[in-house]
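Each residue of the sequence shown is one higher than the one before, counting from 10 in my numbering. Read through the structure below, which is laid out as structure tokens, and then see the notes.
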Amino acid sequence: VFQILLKTREQKVIPREIAEKIAKNIPANDCIEKVEIAGPGFINVHLRKDFVSKQLSSLLINGVQPPAIGKRKKVVVDFSSPNIAKEMHVGHLRSTIIGESMCRLFEFAGYDVLRLNHLGDWGTQFGMLIAHLQDKFPDYLTVSPPIGDLQAFYKESKRRFDTEEEFKKRAYQCVVLLQSKNPDFIKAWNLICDVSRREFQKIYNCLDITIIERGESFYHEMMKDIVKEFEDKGFVQVDDGRKVVFVPGFPVPLTIVKSDGGYTYDTSDLAALKHRLCEEKGDILIYVVDSGQSVHFQTVFSAGQMIGWYDPKVTRVAHAAFGVVLGEDKKKFKTRSGDTVRLIDLLEEGLKRAMDKLKDKERDKVLTPEELKAAQTSVAFGCIKYADLSHNRLNDYVFSFDKMLDDRGNTAAYLLYAFTRIRCV
């Protein structure tokens, strides 16, 4: 059933008349038995029973067969990418769900897919974290520190960094020792990263995500060669002590070396781009990152073309941008206190509401405890995923548990209900 959606007042046409014209011009074929017009402008297409029977038989025997893609291509998808020592928030939800869905579609179509998690696991912030670790847990080298709340630990270290000059100096010294691969500082860094990894994994387990960690630290040793390559080809300029690369068509240059000699996110992203193109041999590269990073990624991709790492006619490199998640007040999704919504809290709230919904429908009276638990997780996480995917990726969307758990309308709950009814036939 297709509805003719027209701005009738602007177009000065009657939808039903347009529908009739379309129906008359649908060519006769082996699929369609008849075409009817209904209501104000619906086109009802009745399929031939023998055609439907043939298609269903093929599906039952062969399953859904994706189209042939010729040479098996490799797709590299960069998604999720939270920062170490910071909790995943609702913004990471979109990247994680959209990225995983893209990967599954590519795999279904026969592509070789590499999922990459570009963790923020390197940089100056680790200097203050390690310095704070040394003060709070001086025996961390021999006794594993009981860091229960890494977010609070991060805030404490940041407060000290901003207010204590001696601590700030020591934090910078810690960065230097970390980057020089001092064993004690590498151990401290690993301890902090491991705490975050465990928290991230809880969320990935909930959402059924399998992803390979390839953080900024993975590319650190490559950055020196990246800078040299751009210098050797004459693309580097010095600006106020920084080494920058101007890319045609983009007014803001990429900073590949800071005035203090350190590297930047630009350097890291260039190193990651080259590795994925030249080492991983990716035919298609997709970066699932919010739309606020669009100019940055377009500049990085263009720099990669400029230096000759890839030809856009042969290799596809794309930024799959997405909009932000809004609260029901149409403002950026926050807690009542104004803080960013922790993703783990959101998932736990989804579980609670899903169980309440199941009990309202008295499913706890007919399902075993194990079945009820399985239904709870399927409904909760299915509804959260579907609510995200049912909206245009580029648009912002309003997050509402009430709407996504509704068993009417365009929701996962409704689809699960319909699927259950079909399975009962």
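All residues carry an ideal CB built from backbone N, CA and C; glycine is no exception.
- Per DSSP, R285 lies in no beta strand (DSSP E) and is assigned neither H nor E.
- In this structure, DSSP gives I35 a state outside helix and strand, which the three-state scheme calls coil.
- Looking only at G243, G317, K361, the smallest Cα-Cα distance to D411 is reached by K361.
- Annotated as distal: F162 and R169, with beta-carbon spacing of 7 Å or more.
- For E45, DSSP records a beta bridge to N53.
- Straight-line spacing of the CA atoms in V85 and S311 works out to 18 Å.
- A direct Cα-Cα distance of roughly 42 Å separates I107 from P147.
- Inter-residue distance for S189 and I195 is about 9 Å (C-alpha atoms, whole angstroms).
- Pairwise C-beta distances place the region 115-125 out of contact with the region 314-331, as fewer than three of them are shorter than 8 Å.
- Counting the other CB atoms within 10 Å of its CB gives S104 a total of 16 or more, which places it among the buried residues.
- C-alpha of E173 to C-alpha of D144: approximately 13 Å in a straight line.
- Inter-residue distance for D416 and I431 is about 16 Å (C-alpha atoms, whole angstroms).
- For N71, the uninterrupted alpha helix (DSSP H) segment begins and ends at 58-71.
- Sequence-distant Cβ neighbours of V350 in its own chain, meaning closer than 7 Å and more than five residues away, are H98, V99, F342, K343, T344.
- For R103, the enclosing alpha helix (DSSP H) has its first and last residue at 99-117.
- Residue environment for G119: exposed (fewer than 16 other C-beta atoms within 10 angstroms of its C-beta).
- In the three-state reduction of the DSSP assignment, V350 falls in the coil class.
- Positions of the alpha helix (DSSP H) runs, each at least 4 residues long and wholly inside the region 172-240, are given as 174-188, 192-216 in order along the chain.
- Checking the DSSP bridge columns, you'll see K343 partnered with T349.
- As far as DSSP is concerned, I156 takes part in no beta bridge.
- Nearest C-alpha to L352 among F115, N214, F135: N214.
- T386 sits in a helix when the DSSP states are folded into three classes.
- Contact between V253 and L263 holds, since their C-beta atoms are separated by about 6 Å, short of 8 Å.
- According to DSSP, Y395 shares a beta bridge with no other residue.
- Only buried fits H328, as 16 or more other CB atoms lie within 10 angstroms of its CB.
- One alpha carbon belongs to L335, the other to I218, and they sit about 24 Å apart.
- In the DSSP assignment, Q246 falls within the beta strand (DSSP E) that extends over 245-248.
- For K252, the enclosing beta strand (DSSP E) starts and ends at 251-254.
- For the options G271, R223, I156, the alpha carbon positioned closest to that of V184 is the one of G271.
- Distances from the alpha-carbon of N404 to those of V333, K267, D354, F209 put V333 closest.
- Residue pairing by DSSP places H328 opposite Y296 in a beta bridge.
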